[in-house]
Amino acid sequence: MTDLAHIRNFSIVAHIDHGKSTLADRLIQSTGTVKDRDMQEQLLDSMDIERERGITIKANSVRIDYKANDGEMYVLNLIDTPGHVDFAYEVSRSMRAVEGSLLVVDATQGVEAQTLANVYHALDADHEIVPVLNKIDLPAAEPDRIKQQIEDVIGLDASEAVEISAKTGLGIPDVLEAIVTRLPAPKGDRDAPLKAMLVDSWYDSYLGVVVMIRVMDGVIRKGDRIRMMKAKAIYGIDKLAVLKPKMVDIAELGPGEIGIFTASIKQVRDTKVGDTITHEKKGCETALPGFKPSIPVVFCGLFPVDANEFEDLRAAIEKLSLNDASFSTEMETSAALGFGFRCGFLGLLHLEVIRDRLEREYDIDLITTAPSVIYKIHQRDGTLMELHNPADMPDLTLIDHIEEPRIKATILVPDEYLGDVLKLCQDRRGIQIDLTYAGSRAMVVYDLPLNEVVFDFYDRLKSVTKGYASFDYQMTGYREDKLVKMQILVNDEPVDALSIMVHRDRAEMRGRAMVEKLKDLIPRHMFKIPIQAAIGGKVIARETLSALRKDVTAKCYGGDATRKRKLLDKQKAGKKKMRQFGKVEIPQEAFISALKMDS
Numbered sequence: 292m293t294d295l296a297h298i299r300n301f302s303i304v305a306h307i308d309h310g311k312s313t314l315a316d317r318l319i320q321s322t323g324t325v326k327d328r329d330m331q332e333q334l335l336d337s338m339d340i341e342r343e344r345g346i347t348i349k350a351n352s353v354r355i356d357y358k359a360n361d362g363e364m365y366v367l368n369l370i371d372t373p374g375h376v377d378f379a380y381e382v383s384r385s386m387r388a389v390e391g392s393l394l395v396v397d398a399t400q401g402v403e404a405q406t407l408a409n410v411y412h413a414l415d416a417d418h419e420i421v422p423v424l425n426k427i428d429l430p431a432a433e434p435d436r437i438k439q440q441i442e443d444v445i446g447l448d449a450s451e452a453v454e455i456s457a458k459t460g461l462g463i464p465d466v467l468e469a470i471v472t473r474l475p476a477p478k479g480d481r482d483a484p485l486k487a488m489l490v491d492s493w494y495d496s497y498l499g500v501v502v503m504i505r506v507m508d509g510v511i512r513k514g515d516r517i518r519m520m521k522a523k524a525i526y527g528i529d530k531l532a533v534l535k536p537k538m539v540d541i542a543e544l545g546p547g548e549i550g551i552f553t554a555s556i557k558q559v560r561d562t563k564v565g566d567t568i569t570h571e572k573k574g575c576e577t578a579l580p581g582f583k584p585s586i587p588v589v590f591c592g593l594f595p596v597d598a599n600e601f602e603d604l605r606a607a608i609e610k611l612s613l614n615d616a617s618f619s620t621e622m623e624t625s626a627a628l629g630f631g632f633r634c635g636f637l638g639l640l641h642l643e644v645i646r647d648r649l650e651r652e653y654d655i656d657l658i659t660t661a662p663s664v665i666y667k668i669h670q671r672d673g674t675l676m677e678l679h680n681p682a683d684m685p686d687l688t689l690i691d692h693i694e695e696p697r698i699k700a701t702i703l704v705p706d707e708y709l710g711d712v713l714k715l716c717q718d719r720r721g722i723q724i725d726l727t728y729a730g731s732r733a734m735v736v737y738d739l740p741l742n743e744v745v746f747d748f749y750d751r752l753k754s755v756t757k758g759y760a761s762f763d764y765q766m767t768g769y770r771e772d773k774l775v776k777m778q779i780l781v782n783d784e785p786v787d788a789l790s791i792m793v794h795r796d797r798a799e800m801r802g803r804a805m806v807e808k809l810k811d812l813i814p815r816h817m818f819k820i821p822i823q824a825a826i827g828g829k830v831i832a833r834e835t836l837s838a839l840r841k842d843v844t845a846k847c848y849g850g851d852a853t854r855k856r857k858l859l860d861k862q863k864a865g866k867k868k869m870r871q872f873g874k875v876e877i878p879q880e881a882f883i884s885a886l887k888m889d890s
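In our numbering, the protein residues as written are 292 to 890.
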């Protein structure tokens with residue numbers, strides 16, 4: 292049992308690559324939580340995909356025992372959070388479980404777009420914030436200028452910011468002291484009925500469903516019967532543990548503590564993130580407010596390449612959505628691709644990560660349809676319809692107008708690349724709202740259509756600014772525009788998976804680029820194949836894939852020309868008939884490559 296005054300719960304927040312995971316490594320190492328021989332880089336990033344990309348995707352937690360300068364022992368619960376905009380929901384959720392944050396700022400780069408976004412998450416959760424300047428061992432570091440910048444841009448007092456180098460371990464003891472002295476202790480009543488918040492859950496092939504909780508009031512012990520208030524499910528606790536990053540069994544968890552339990556949970560849907568857990572008998576009356584649900588912005592269809600793997604895909608998606616609360620799914624069928632799921636994501640990186648995890652962790656080959664956003668269709672009879680999939684669009688004669696989602700994008704960019712960034716935003720139908728300067732960096736605010744951003748805006752932005760720009764966005768609402776559905780017809784048959792929504796003025800350019808690309812991707816058949824892009828009944832671009840043909844006149848040595856003509860006409864008639872009944876096989880790569888052409 293730990294006294295409340297000796298517990299500190301905190302998260303580490305920062306922009307991508309400012310050193311959150313490295314700082315977490317040093318805190319774990321310097322307190323001896325993990326032996327040096329077991330230590331590795333990015334210790335808390337447990338997924339292969341996190342290590343390969345060098346990013347944190349899941350917020351991970353660890354319990355550290357620390358003996359402070361005043362001789363007292365403290366328990367520190369640390370949550371390392373992602374920095375990428377697509378995982379902002381993961382950040383805001385983790386913050387509800389702790390009382391304070393370490394704000395890590397790179398002393399060479401300064402405040403970036405995601406730094407601001409994460410500070411706002413922390414302030415929303417009423418956090419005490421301790422600024423930490425990382426990488427001060429680098430020759431380019433300017434701690435004084437960055438402190439001033441933190442005060443100007445964020446409005447935090449940075450005069451007592453802790454200066455460290457997470458890589459070399461310089462200043463780590465000061466960080467530990469700052470956590471103990473400057474962050475608040477949690478509040479809670481040990482004698483009140485149990486009230487704990489479900490922070491996260493994941494699937495373990497040995498233990499089943501593992502649930503992470505933060506206890507607010509009361510005590511939870513091994514063997515207790517508990518009730519999930521939202522799911523109305525009752526379980527008995529089998530195992531209670533804390534993460535040091537490996538599981539260490541414990542007899543009880545009191546107020547202010549963060550730990551995990553397993554309870555032979557069979558139904559994956561019973562563990563809803565943000566749910567309140569209490570005792571079955573003398574439970575608490577009111578549930579905790581929970582988290583506001585995340586709103587997906589990008590949708591795409593996931594289908595198994597082999598139709599027999601559909602059940603495996605369903606099980607894999609259930610287990611993954613348990614681990615990632617911001618990922619939403621529903622079943623759908625397609626004429627070309629069979630049974631699959633329509634999935635919602637917070638952004639394209641999120642989509643890529645989920646797809647990679649399904650393919651790796653569950654060994655399923657997937658077909659991904661074109662990513663799309665939700666459009667609002669106002670019909671002539673006054674009804675409003677939400678369009679998730681362009682293939683479901685109603686007849687044009689029934690539509691009054693279409694609205695598309697817009698975002699407010701904040702881009703921080705060094706002065707010399709400003710022109711390229713403004714041009715990129717103009718090309719994507721952006722409307723400039725604001726342009727200000729913070730030191731030598733411009734802060735541009737644009738109103739952009741979301742469907743122009745989801746494809747590859749982030750990659751283009753990074754390439755035109757050599758990686759120096761940072762970008763953050765939030766949804767602002769819907770606005771009417773001239774939008775049309777573009778279909779791709781192969782051999783006069785529409786291909787559902789390649790239907791996309793485009794702006795009227797750009798449709799021809801997009802259509803032409805798409806059919807040219809498909810001409811290279813679809814293999815030749817024994818008959819001629821027309822590939823067309825069409826809006827409604829009007830074809831706006833066309834390419835023809837020529838047929839493979841056999842030389843039928845090879846056996847005629849010299850002789851009458853009419854005899855050759857007769858054989859060629861017979862072949863031509865055969866090809867015409869073949870084209871009527873022939874089916875065109877479109878390879879899996881063609882679907883994905885054709886959509887990656889937004890250059």
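We put the beta carbon where it would ideally sit given N, CA and C, even for glycine. Predicted, not measured: the structure shown is a model, and the values here were computed from it.
query	result
Determine the closest residue to residue 397 out of 428, 772, 709 and 499, with distance taken between C-alpha atoms.	428
Based on DSSP bridge pairs, tell me the residues matched to residue 788.	BP columns for residue 788 are empty, so no partner.
Give me, in chain order, the residues of the same chain whose beta-carbon lies closer than 6 angstroms to that of residue 546; leave out the 5 immediate sequence neighbours on both sides.	479, 481, 506 and 508
Which whole runs of the beta strand (DSSP E) in the segment 429-514 are 3 residues long or more, in chain order?	486-495 and 499-508
Please list the terminal residues of the continuous beta strand (DSSP E) segment that includes residue 641.	That residue, residue 641, is in no beta strand (DSSP E); its alpha helix (DSSP H) goes 639-652.
So, is residue 556 buried or exposed, given that buried needs 16 or more other C-beta atoms within 10 angstroms?	buried
Could you give the uninterrupted runs of the alpha helix (DSSP H) lying entirely in the segment 584-616, keeping only those of 4 residues or more?	601-614
With a Cβ-Cβ cutoff of 9 angstroms, do residue 680 and residue 623 count as a contact?	yes
For residue 405 and residue 307, I'd like the C-alpha separation in whole angstroms.	7 angstroms
Measuring only the C-alpha atoms, how far is residue 732 from residue 759?	10 angstroms
Nearest CA to the CA of residue 788: which residue from 319, 418 and 776?	776
Whose C-beta lies closer than 7 angstroms to the C-beta of residue 890 among residues of the same chain, with five residues either side of it excluded?	Note that residue 890 scores 47 on pLDDT, short of 50, meaning its location in the model is unreliable; the coordinates nonetheless yield the value given after this. Nothing meets the Cβ criterion.
Could you tell me how far apart the beta carbons of residue 354 and residue 535 are, in whole angstroms, since I believe they sit closer than 8 angstroms?	5 angstroms
Tell me the DSSP secondary structure of residue 309 in three-state form.	coil
DSSP has residue 570 in a bridge; who is on the other side?	517
Buried or exposed: residue 656, going by 16 or more other Cβ atoms within 10 Å of its Cβ?	exposed
How far does the alpha helix (DSSP H) with residue 717 in it extend, from its first residue to its last?	709-718
Tell me which same chain residues have a C-beta within less than 8 angstroms of the C-beta of residue 542, skipping the five on either side of it?	512, 513 and 531
Helix, strand or coil for residue 400? Go by DSSP, reduced to three states.	coil
When DSSP labels each residue in this structure, what does residue 728 get in the three-state scheme?	strand
Comparing alpha-carbon positions, which option in 695, 649, 594 and 717 lies nearest residue 661?	594
Taking the Cβ atom as the reference point for each residue, do residue 825 and residue 803 lie within a distance shorter than 9 angstroms?	no
Let me make sure I understand the geometry here. Which of 849, 859 and 851 has the alpha-carbon closest to that of residue 841?	859
DSSP three-state label for residue 679, please.	coil
Let me make sure I understand the geometry here. Which of 313, 367 and 360 has the alpha-carbon closest to that of residue 294?	367
At the level of alpha carbons, what is the spacing between residue 303 and residue 311?	6 angstroms
Put residue 842 into one of helix, strand or coil per three-state DSSP.	coil
Does DSSP put residue 418 in a helix, in a strand, or in coil?	coil
What's the C-alpha gap between residue 876 and residue 815?	10 angstroms
Let me make sure I understand the geometry here. Which of 687, 318, 676 and 564 has the alpha-carbon closest to that of residue 695?	676
Please work out which residues of its chain come closer than 8 angstroms, Cβ to Cβ, to residue 596, disregarding the five sequence neighbours upstream and downstream, and give them in chain order.	656, 657, 658 and 879
If you drop the 5 nearest sequence neighbours on each side, which residues of the same chain put their C-beta closer than 8 angstroms to that of residue 672?	689
By the DSSP assignment, the beta strand (DSSP E) with residue 770 in it spans what residues?	761-772
Residue 436: buried (16+ other C-beta within 10 angstroms of its C-beta) or exposed?	exposed
Assuming residue 488 and residue 352 form a contact by the criterion Cβ under 8 angstroms, report the distance between their Cβ atoms to the nearest whole angstrom.	Contact flag wrong, Cβ pair sits at about 13 angstroms.
Tell me the residue span of the beta strand (DSSP E) that contains residue 623.	619-625
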